[in-house]
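Visitor: Numbering (my numbering), first residue to last: 5 to 201. Beta carbons are placed, not taken as given, at the ideal position from N, Cα and C, and that holds for glycine. Note that the structure is predicted; figures quoted are calculated from it, not measured. Structure in structure tokens, see below.
Listed below in structure tokens is the structure:
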């Protein structure tokens, strides 16, 4: 059972808050041999990704859209650019910042991450319809049952799959200048559209 089922929503929320605080502590205390300005930049990027400018802001809009059937594709994209894509962007760029990446390389990596983040969410929406609970490891069909607007409900499954693939293609094109160093990120992008769970 998940945390909130065992301990209640209040304790689960507090556990999430505590883990979030530990993330900042961990970065500050465990990052060695890196100039302080890079560590500060990583802390800033992580804060931006989870605050009202990122995850929390996206989740607020997501909650406001629950049970509304008139949510637009633009609003849906806003939600997921501030949730899934923002977290992926922080994950991808923070390592690059610590390694001393240039501003132009960070821009490419940001664009890459935003695109795979949105593609991930589109595929997630598709799998909620097409996969079984056993495949997903969670309840299937939750979005439909909650009357939640998703990309497939707006565009259909086929168009949603095409959009996800287009996003992955754009993401991969951002990595061309990195050569073989980008192979793991290329593979991650391909996994986004190939996954079945």
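How about residue 172 and residue 197: are their beta carbons less than 8 Å apart?
Guide: Translated into the one-based positions of the chain shown, residue 172 becomes position 168. Translated into the one-based positions of the chain shown, residue 197 becomes position 193. In contact: residue 172 and residue 197 (Cβ atoms closer than 8 Å).
Visitor: Name the residue from 69, 117, 63 whose alpha carbon lies nearest to the alpha carbon of residue 209.
Guide: For the chain, the structure presents residues 5 to 201; residue 209 sits outside this window and is missing.
Visitor: Got a sec, what are the start and stop residues for the alpha helix (DSSP H) residue 169 sits in?
Guide: Counting from one through the chain shown, the residue named residue 169 turns up at place 165. Start and end: 161-177.
Visitor: Starting from the Cα of residue 69, find the closest Cα among 84, 55, 58 and give me that residue.
Guide: Here residue 69 corresponds to residue number 65 of the chain shown, with the count starting at 1. Closest by alpha carbon: 84.
Visitor: Assign residue 21 to one of two classes, buried (16 or more other C-beta atoms within 10 Å of its C-beta) or exposed (fewer than that).
Guide: The count along the chain shown starts at 1 and reaches residue 21 at position 17. Under this definition residue 21 is an exposed residue.
Visitor: When the Cα atoms are used, what is the spatial distance from residue 152 to residue 128?
Guide: Here residue 152 corresponds to residue number 148 of the chain shown, with the count starting at 1. Here residue 128 corresponds to residue number 124 of the chain shown, with the count starting at 1. The alpha-carbon atoms of residue 152 and residue 128 are separated by roughly 13 Å.
Visitor: Would you kindly report the start and end of the unbroken alpha helix (DSSP H) that includes residue 28?
Guide: Residue numbering aside, residue 28 sits at position 24 when the chain shown is read from its first letter. Segment 13-34, the alpha helix (DSSP H) holding residue 28.
Visitor: For the candidate residues 45, 122, 115, whose alpha-carbon lies nearest to that of residue 79?
Guide: As a position in the chain shown, residue 79 is number 75, starting the count at 1. The option with the nearest alpha carbon to residue 79 is 122.
Visitor: I need the DSSP call for residue 39, collapsed to helix, strand or coil.
Guide: One-based indexing of the chain shown puts residue 39 at position 35. In the structure shown, residue 39 sits in coil (DSSP, three-state: anything other than H, G, I, E or B).
Visitor: Pull up the distance between the alpha-carbon of residue 194 and that of residue 132, whole angstroms please.
Guide: Along the chain shown, one-based indexing puts residue 194 at 190. Along the chain shown, one-based indexing puts residue 132 at 128. Roughly 19 Å separates the two Cα atoms.
Visitor: Which residues in the same chain have their Cβ closer than 8 Å to the Cβ of residue 199, if we skip the five residues on either side of it in sequence?
Guide: Within the chain shown, residue 199 is the residue found at index 195, counting from 1. Hits under 8 Å: 127, 131.
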